[in-house]
Amino acid sequence: MKYLRQEYFDFKKIIGRIPHLVDFLKVDGAVDPMKFSTHSGTWLEFVSRVEDSEELATLCSHQDLLPVLRFFTDLTPLRRAYEAVIAKKALEAGQVSLSEARDELSKYLAIPHLPTIDYAFDFLSGRFFDSSEKTKYQDRLFIRQGQQLLLAPKLSQLCRIESLLAPLLDLLNYGILSYQLEFEDADYGVPHFKLWENYTMRDVALMCNTLRTHSSFRGQGLITTDKDFFMFVDLHKEADVKESINYQDKFEGPRHFQWESPNTTSPQSGTGQKLIQHEKQGISMHLFARKFREIENIAQPFTYFGKVIYRHHDPERSKPMRISYLLENEVPADLFYELTTKV
DNA sequence: ACATCTACGACGCTTAACGC
DNA sequence: GCGTTAAGCGTCGTAGATGT
20 MKYLRQEYFD
30 FKKIIGRIPH
40 LVDFLKVDGA
50 VDPMKFSTHS
60 GTWLEFVSRV
70 EDSEELATLC
80 SHQDLLPVLR
90 FFTDLTPLRR
100 AYEAVIAKKA
110 LEAGQVSLSE
120 ARDELSKYLA
130 IPHLPTIDYA
140 FDFLSGRFFD
150 SSEKTKYQDR
160 LFIRQGQQLL
170 LAPKLSQLCR
180 IESLLAPLLD
190 LLNYGILSYQ
200 LEFEDADYGV
210 PHFKLWENYT
220 MRDVALMCNT
230 LRTHSSFRGQ
240 GLITTDKDFF
250 MFVDLHKEAD
260 VKESINYQDK
270 FEGPRHFQWE
280 SPNTTSPQSG
290 TGQKLIQHEK
300 QGISMHLFAR
310 KFREIENIAQ
320 PFTYFGKVIY
330 RHHDPERSKP
340 MRISYLLENE
350 VPADLFYELT
360 TKV
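When we follow the numbering used here, the leftmost residue of the first sequence carries the number 20, and every step to the right adds one.
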């Protein structure tokens, strides 16, 4: 915190006033402002904590603003532009239709994808919330009516006050601008993955437009949908890791990965067969890995390594199965070195 | 006083185990 | 054999404890 505070005031000095999030994109070598919100929940809460300002404290105590800021902060850094661009348009115009959303998105993306726009409408209106998110966000975000996305009454009221709308637009603008810097306008399709970018398990739920509750994307290292299997790997296990989950997962080379299934999966089971015959069954296997589960108590995202193809498995092993996969994309040398060197 | 750490429950889903 | 229940998983949020 002490260090964060210092970084904040250093940057404030450069800008000459309390910075906006977008200011961090205008200065070469500026720190990643997301670490301030990672620490405090939102950028607004961080600034309010380090600045002795009554005005900021009032903003922070606003009952309807903070949840909305929190919702979009959790989406940032954006892994795709759809949700933020649509939300921004809705905030500015009061509502947005599917076709207006497509027009707006075509300013940012080479090929706006209609089913994904439709999905983003459902997402923004809370269709994929779990029960705790419903109580947290319900009636505070957006409402879908057929082709239209409307602001919920509380959000609509909030937007009439400039000082409340400003931090929200700053956050969305920051998200969209930094997305463009990282991803440009390329079409990534569905699931919307870019090689060697970072994703959380939850991000993956959004990227593949799942109809399930997003918070269900967690658990035993393997998340499955009809057409896609997502493998999540921690390469470095803590010394006190439980033996039951101490999987022997490792890169055997820049194109080969040894993976162990969840400790309940046998080769005979439905899942086991799909892990082996995924090509025949039309299932894509996606590999995600990270070196450490958390650093300084902050959960780390996974890096996307693209699709993999079954090579062989050890028939002697069950629960867990041990399978060797071939990567479609060779891991870049520097990344491979970083992941495979000992701590 | 405020920051940081620790322990633990909620959450959704799959698979194994159980009861009939 | 079929439906139901329980266990286990990782992440996040938070309450309570400890540190500065």
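Cβ atoms here follow ideal geometry from the backbone N, Cα and C, with glycine treated the same way.
Note that the structure is a prediction, hence the values are computed from the model and not measured.
If you draw a straight line from the Cα of R163 to the Cα of A120, it comes to about 13 Å. No Cβ-Cβ contact shorter than 7 Å links A76 with L191. For the stretch 284-322, the full-length alpha helix (DSSP H) segments reaching 4 residues or more read 289-295 along the chain.
About 18 Å separates the CB atoms of L133 and A106; that is not less than 8 Å, and the two are not in contact. Spanning the alpha carbons of S235 and K213 requires a straight line of approximately 22 Å.
Distance from the Cα of K326 is smallest, within the candidate group N217, P351 and F249, for F249. Using a C-beta cut-off of 8 Å, the stretch 340-349 makes contact with the stretch 268-279, since at least three inter-stretch Cβ pairs fall below that distance. Annotation: H81 is outside any alpha helix (DSSP H) and is labelled neither H nor E by DSSP. The straight-line gap separating the alpha-carbon atoms of E73 and T232 is approximately 39 Å.
Along the stretch 91-174, the beta strand (DSSP E) occurs as fully enclosed runs of 3 or more residues at 114-116, 161-164 and 167-170, listed in sequence order. With at least 16 other beta carbons inside 10 angstroms of its own, W62 counts as buried. Closest in C-alpha terms to I242, from the list T290, E216 and Q300, comes T290. Per DSSP, K246 lies in no beta strand (DSSP E) segment and is marked neither H nor E.
A residue is called buried when at least 16 other Cβ atoms come within 10 angstroms of its Cβ; A109 meets this threshold and is buried. Per DSSP, reduced to three states, the secondary structure at K326 is strand. Boundaries of the beta strand (DSSP E) harbouring H275: H275 to E279, taken from the DSSP string. Assigned with DSSP and collapsed to three states, V252 falls in strand. Burial state of F28 is exposed, judged by a 10 Å Cβ sphere holding fewer than 16 other Cβ atoms.
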